[in-house]
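These notes are about the structure you will find just below.
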Amino acid sequence: MNLNYNEEQTMLREQIQKFCESEYDFYKREDIVKSSNDFDPNVWKLFADQGWLSMPFSEDSGGLGFGAIELSILFEEFGKALVIEPYLATVVLSGTLIDKSSYSNKKDIIDKICQGEKHISLAYAEVDKSYDYLTPNTSLDSDNILNGAKTLVLNASNADNLIVTCKKDNELNLVIMDSNAEGISINSYSTVDGQSCSEISFENVKLDASNILSSGDEAESLIKETINLATLCISAEAVGLMESCYHKTLEYTKGREQFGQPISNFQVLQHRMVDMFIESELAKSLLIKAMLEVNNGSEEMYKHVSALKSYIGKSGKLSAKEAVQLHGGMGVSEELMIGHYLKKMISIDALFGNADYHLKTFSS
Amino acid sequence: MDINFSKEDIAFRDEVRDWLANDYPKHVKDKTDNGIALTKQDMIDYHKAISKKGWMGYNWPVEYGGTGWSSTQLYIFNKEFGLAGCPPLLAFGVSMVAPVIWTFGNDEQKERFLPDILDFNTWWCQGYSEPGSGSDLASLKTKAVLDGDHYVVNGSKTWTTLAQNADWIFCLVRTDNSGIKQEGISFLLIDMKTPGIEVKPIITIDGEHEVNSVFFTDVKVPVENLVGEEGKGWTYAKFLLAHERFGIAGVGASMRQLNRLKDIISKLDNAELQKKVNELEVALSAIEITELRLLSALENGGHPGAESSILKIKGTEMQQNLSELFVEAAGEYALMYPGPHGYGSNEKPAGPDYAAEGLSGFLNLRKTSIYGGSNEIQKNILSKFVLGV
């Protein structure tokens, strides 16, 4: 047994940490959040140059062939710096799905993603379908005309292409198309954590066989595996966030003097920070288990990702709330990272099923 | 023992309900019910309507134009306003500075300031916290130096609620540095239009501009604006804090939110959420009856001691927990958040109506366990004065 990250993985973490420190500080992030794109094309180019956009893709497709462990490292570090670039939407939700499919044109698309030249969004959710992503009402008829509506599509406002889950002949199909194709209308909104997401309607969008990315059993397992991988990634983000909440709160209470001494001297606050530390360590443990299962593609991987997601949903929110409380007024100000951690944690809990949902999934 | 209100109290409750049904300004109600932020003018209209009814001095003695209500009436008034979803009344003038003025101020100050507070002609804000003085308020550094017939004030205040709308600010300032920190603090009333005052917004995580930093640079304040004696400000500040606790548990408002949640959750077929809302209902009942016990003690000649800290702690936790349950009930639509001014001209997205309001409440209400003496400070008060350790 060895639960340590290897040298290569540790170097990857350090590389990402360095990048976030030098290229993605709080003020830089604020500028990006306030910009009209909700991402920075220059930062995206740097991601490409570092090879991060190629990380999870198979070597056959021109990727680096990394797995769930490296992705988790990346997202943990993204969680600490609250990176809002659309890595989840383009690389994880869309890229890895395409890479694992038998789509004929996949090499070209993956190549463009790796170069940072293409953004794709996966439209998997529908109103009133809750967390059921396998039986969409959106339909593709026998002439390949698409009709329906999708909700909560991450980063669709920046996407060149959309991948849409739909039903054809009672089978799940995945179709890929230009996002500006005739019949598509996109309404975009800000998310609580500063990303963008959209509602999209498809009205008689004319497609042909070449737009069909996958269908039937393959399409179903692609959606299940991709959503599971994405759930792992945002959970890793929460684990990074929890570690930062603890570190930043400790740092703040050591520097904040009231009643003639640093408030970190008060035992009441010490124990609460110890709890934040403990929760952060336990979350890391569940992350390690889940990412190893996903990495091995085991049968148990769904269950362990649910365990992780339910745990961080609860303890991550608690840590972020405690961090805000221990920062006092500064914790609710937009000017500090702490309040933004809380907002990110709300977004993480909401995506792909919240803590209650995953606890139920875990036990069923 | 009798847990029911008297006939007179019930008649009073009906009178309050009647006003809320007929005279609560409709434009304010419409906005508040739909989670839309109120403008300064909306707030003025709302308060003036209450003034018109003669209820602005809800906790004032009759001799200054107040209602002279009993504690029970005050409780009923507050609860009914909360149940009706009314915005909380601005406390800074009517229930913070006014009691200090009528208790410690001179006749000239009473005449000058109290009628305008009662008619809501002046909007007050509170200059207490400073960047380095939060829980440890007595360490404040904003300095006032006497120079002939005026003080010269230099320093800064922070977390000043709605200072951008205020006509006047009541400030704790340091007039003497020689003794222990609680001594040498004075209570000054300052016109916000005085040269040298600068208000800078602080944007909070809900995207709202509610609080501010206020900077004072050589601000000249006439000596007649000093309340009471120089150096006695800390005593007045503590006196004021006792008045601030009125209605801090927010039972009425929480009941309204609880009822809405019960309604929402009953339609969701979600056992986990149902359990959580049931637990909150029991806890809220415990808070309500605790408040009634304090009232009862007060009506029978007792003093609300440190026990009111229980209400501050549990009442604010309740408000936060209720708002969090709205967020959880919104499920994946908790992802979308338009900010405090709604979707504007943009089409409203799918998902439940309460999603955005829930998030706004969840983010905004984080402050309640921080302000008014943080909940940690309240626990210190309980351990010192009740547990005696």
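Those sequence lines, one after another, are chains H and D. In this text, residue positions in the first sequence follow the working numbering: the first is 1, and each later residue adds one. In this text, residue positions in the second sequence follow the working numbering: the first is 365, and each later residue adds one. In this text, a Cβ means the ideal position worked out from N, Cα and C, and glycines have one as well. Computed from a predicted structure; not experimentally measured.
| Where does the unbroken alpha helix (DSSP H) through ALA462(D) begin, and where does it stop? | Following the DSSP letters along the chain, one finds ALA462(D) inside the alpha helix (DSSP H) bounded by residues 462–468.
| said: Less than 7 Å between CB atoms is the rule here; does ALA350(H) satisfy it with respect to chain D? | reply: Chain D, which has a Cβ nearer than 7 Å to the Cβ of ALA350(H), makes this yes.
| message | Using the Cβ count rule (16 or more neighbours within 10 Å means buried), how would you classify ASP394(D)? | response | Around the CB of ASP394(D), fewer than 16 other CB atoms lie within 10 Å, so the residue is classed as exposed.
| message | Using only CA atoms, which one of SER673(D), THR680(D) and GLU663(D) lies nearest to LEU648(D)? | response | Residue THR680(D) is the option with its Cα nearest to LEU648(D).
| said: Between the alpha carbons of GLY491(D) and LEU659(D), how many angstroms are there, rounded? | reply: Their Cα atoms are separated by approximately 30 Å.
| message | Output needed in chain order: residues of the region 696–719 of chain D with a Cβ under 9 Å from some Cβ in chain H. | response | Residues of the region 696–719 of chain D with a C-beta less than 9 Å from any C-beta of chain H: GLU696, TYR697, ALA698, LEU699, MET700, TYR701, PRO702, GLY703, TYR707, ASN710, GLU711, PRO713, ALA714 and GLY715, listed in chain order.
| Interface residues of chain D facing CYS197(H) [CB-CB closer than 9 Å] | Those are LEU699, MET700 and PRO713, listed as they occur along chain D.
| message | Tell me the DSSP secondary structure of HIS304(H) in three-state form. | response | Helix at HIS304(H).
| Span separating the alpha-carbon of LYS474(D) from that of TRP487(D) | As the crow flies, the alpha-carbon of LYS474(D) is around 16 Å from that of TRP487(D).
| query | With DSSP run on the structure shown, which of helix, strand or coil describes ASP582(D)? | reply | Strand at ASP582(D).
| What's the C-alpha gap between THR524(D) and ILE212(H)? | The alpha-carbon atoms of THR524(D) and ILE212(H) are separated by roughly 58 Å.
| Which bits of chain D does TYR189(H) rub up against, with CB to CB less than 8 Å? | Simply MET700, PRO702, TYR707, ASN710 and PRO713.
| Spatial distance of GLY51(H) from ASP349(H) (CA atoms) | Answer to the nearest angstrom: the Cα atoms are 29 Å apart.
| Hey, does LYS678(D) have any beta-carbon neighbour from chain H nearer than 7 Å? | So, not an interface residue.
| task | Step through the CB atoms of chain D and report whether any lies within less than 7 Å of the CB of ASP356(H). | result | Chain D contact via Cβ: present.
| If we count Cβ pairs, one from each stretch, closer than 8 Å, do we get three or more for the region 386–400 of chain D versus the region 353–361 of chain H? | By the Cβ rule, the region 386–400 of chain D does not count as touching the region 353–361 of chain H, because fewer than three pairs are nearer than 8 Å.
| request: For chain D, find out if any of its Cβ atoms is closer than 7 Å to the Cβ of CYS152(H); answer yes or no. | output: Reading the sequence as shown, one finds Leu at residue 152(H) and not Cys. With its beta carbon less than 7 Å from one in chain D, LEU152(H) belongs to the interface.
| task | Could you check the C-alpha separation between PHE202(H) and SER210(H) for me, to the nearest Å? | result | One C-alpha to the other measures close to 18 Å.
| Other residues of its chain near LEU318(H): CB distance less than 6 Å, five sequence neighbours each side excluded | Cβ neighbours of LEU318(H) beyond the five flanking positions: none.
| request: Please say whether GLY429(D) and LEU482(D) have beta carbons closer to each other than 7 Å? | output: Yes, the pair counts as a contact, with Cβ atoms nearer than the cut-off.
| message | Less than 7 Å between the beta carbons of ALA320(H) and THR249(H), yes or no? | response | The answer is no: Cβ separation not under 7 Å.
| query | Opposite LEU134(H) in the DSSP bridges: which residues? | reply | Partner(s): none; LEU134(H) has no beta bridge.
| Where LYS557(D) and ILE533(D) are concerned, what is the direct C-alpha to C-alpha distance, given to the nearest angstrom? | Inter-residue distance for LYS557(D) and ILE533(D) is about 10 Å (C-alpha atoms, whole angstroms).
| field | LYS289(H) to MET1(H) span [Cα, whole Å] | value | Cα to Cα, the separation comes out at about 13 Å.
| DSSP on ALA670(D), reduced to helix/strand/coil? | Three-state result, ALA670(D): coil.
| Residues sharing a beta bridge with GLY614(D), DSSP | The partner list for GLY614(D) (beta bridge, DSSP) is empty, contrary to what the question assumes.
| query | Do you know whose CA, among ASP143(H), ASP128(H) and THR90(H), lies nearest ALA149(H)'s CA? | reply | Ranking ASP143(H), ASP128(H) and THR90(H) by Cα distance to ALA149(H) puts ASP128(H) first.
| What residue range is occupied by the uninterrupted beta strand (DSSP E) comprising THR525(D)? | THR525(D) -> beta strand (DSSP E) spans 514–525.
| said: Given a cut-off of 7 Å on the beta-carbon distance, is the pair VAL521(D) and GLU547(D) in contact? | reply: The sequence shown places Lys at residue 521(D), not Val. For the 7 Å CB-CB criterion, LYS521(D) and GLU547(D) do not form a contact.
| request: Tell me whether GLY491(D) sits in a helix, a strand or coil according to DSSP, three-state version. | output: Residue state, collapsed to three classes: strand.
| request: Could you check if VAL305(H) is buried or exposed, using at least 16 other CB atoms within 10 Å of its CB as the buried criterion? | output: Buried: at least 16 other Cβ atoms inside 10 Å.
| task | Using a threshold of 7 Å, state whether the C-beta atoms of GLY116(H) and LYS45(H) are closer than that. | result | Yes; because the gap between Cβ atoms is below 7 Å, this pair is in contact.
| query | Using the beta-carbon count (16 or more within 10 Å), is GLN267(H) buried or exposed? | reply | Answer is exposed; the Cβ neighbour count stays below 16.
| request: Would you verify that the beta carbon of TRP523(D) is, or is not, closer than 7 Å to some beta carbon of chain H? | output: With respect to chain H, the C-beta atom of TRP523(D) has a partner C-beta closer than 7 Å.
| Contacts of LYS731(D) in chain H (Cβ-Cβ under 7 Å) | VAL332, listed in chain order.
| task | Can you grab the Cα-Cα spacing for the pair PRO704(D) / GLU663(D), in whole Å? | result | When rounded, the distance between both Cα atoms is 41 Å.
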